Amino acid sequence: MTTLSIGEPRSVASNNDIHGEDARGGQNTTNLDCCVCLEKFQQNEVTRVGCDHTYCHGCIRELFVRSLHDQTLFPPRCCGQEIQLALVEGLLNEEELDNFNNRHIEHTTAHPVYCGNRACGAFVRPELITGDRARCTGCLNLTCTMCMSPYHFDADCPEDPAIQNTLALANQEGWQRCPSCRTVVQLDRGCNHMTCHCGTQFCYRCGARWRTCACAQWEQGHPFAEPQWVMPPPLARDHGPRVRELEDTMQELREFRNIALHLRGCLALGHFRRRHDGGERGFHCELCHSNHRWYILECLQCGRQICERCRRNRN
1 MTTLSIGEPR
11 SVASNNDIHG
21 EDARGGQNTT
31 NLDCCVCLEK
41 FQQNEVTRVG
51 CDHTYCHGCI
61 RELFVRSLHD
71 QTLFPPRCCG
81 QEIQLALVEG
91 LLNEEELDNF
101 NNRHIEHTTA
111 HPVYCGNRAC
121 GAFVRPELIT
131 GDRARCTGCL
141 NLTCTMCMSP
151 YHFDADCPED
161 PAIQNTLALA
171 NQEGWQRCPS
181 CRTVVQLDRG
191 CNHMTCHCGT
201 QFCYRCGARW
211 RTCACAQWEQ
221 GHPFAEPQWV
231 MPPPLARDHG
241 PRVRELEDTM
251 QELREFRNIA
261 LHLRGCLALG
271 HFRRRHDGGE
281 RGFHCELCHS
291 NHRWYILECL
301 QCGRQICERC
311 RRNRN
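So that you can map any letter, position 247 of the sequence shown is 247 in UniProt numbering, and since no number is skipped, the others follow by simple counting.
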């Protein structure tokens, strides 16, 4: 087993480090190690990202493709730094590039609008929105941007009882709403620094964007735990496959964060160990549930096991 310091920017796989530097400090350009699969590659077979780690073309392409379907991997990053699309453009086909660009627009849109057609639910790009009217390019239906329902022309927005009941409960219980996407958040325990699934950081106590208020970060009597995303407004109704996909993603996010928040304390201690003794069965990542043949990272404090990709690439 190899003990890893989480504070170090590079993992050690053997006598050669992850960038192909041998013990004498020289650069072995014909034996560069991929930081995910640990296989050795020629220099023209790897991509070096902003944090100076190297990925083989297969692993970095897989990361970008998986990020299109896994919200916790988007945007692709390593060691907290976003990996620029320009580094992998030549590894993706035209359809994948289009999907990635669309997902990037969706991810960076402050108030995303989704088709109100229950059988569609697709993201509507900002340039297709005029006033309170959004046109879906998939099913060609119109959506009201005020209530996210099918467009109702001159009629007032219909009130959704489920949304109104949830908002009333949120007000009664003192829950907060994300200032960007308006998702309702319930903090069971933990600090006041919230990071919404849309990426917005805000204060749970007053609802202001993070670092724009004078509220304390911690409240007495709040043990360390995770926030619960109660109701993203567009998901409160059944809007079809797109919404069900997002609801499944929300459940996965909650599972990820249960373990990730626990591991945050382990990461602070600074050490994992790399286990290679998986035998024929290999290893199973407790965070993403993927199977790995060669090795797994095991926390020295609690014994939880996570894969290299979850350690490097997930939020």
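Even glycine gets a Cβ: it sits at the ideal position worked out from N, Cα and C. Every value quoted in this text rests on a predicted model; they were computed, and no experiment measured them.
In its chain, beyond the 5 residues on either side, T195 and W210 have a beta carbon closer than 6 angstroms to the beta carbon of Q201. Inter-residue distance for R281 and R293 is about 7 angstroms (C-alpha atoms, whole angstroms). Per DSSP, the unbroken alpha helix (DSSP H) holding F100 starts and ends at E94 to T108. Counting along the chain, L167 sits inside the alpha helix (DSSP H) bounded by residues P161 to E173. The region 41-52 makes contact with the region 80-90; the number of CB pairs closer than 8 angstroms reaches 3 or more. When the Cα atoms are used, C302 and C310 turn out to be separated by approximately 17 angstroms. The residues L73, F74 and P76, in chain order, have a CB closer than 6 angstroms to that of S67 in the same chain once the five nearest residues on each side in sequence are set aside.
Put simply, the region 110-117 touches the region 146-157. At least three CB pairs are less than 8 angstroms apart. For the region 185-214, the full-length beta strand (DSSP E) segments reaching 3 residues or more read 193-195 and 201-203 along the chain. Where R135 is concerned, the enclosing beta strand (DSSP E) starts and stops at R133 to R135. Just so you know, the alpha carbons of A162 and H107 end up roughly 26 angstroms apart. In terms of Cα proximity to R118, the closest of L142, I129 and R133 is L142. Under the three-state reduction of DSSP output, T143 falls in the strand class.
In the displayed model, N291 falls within a strand according to three-state DSSP. When secondary structure is reduced to three states using DSSP, L297 falls in the strand class.
For R48, the uninterrupted beta strand (DSSP E) segment begins and ends at V46 to R48. The alpha-carbon separation between Y204 and R274 amounts to approximately 37 angstroms.
Secondary structure of V65 (DSSP, three-state): helix. In the DSSP secondary-structure assignment, E286 is not bridged to any residue.
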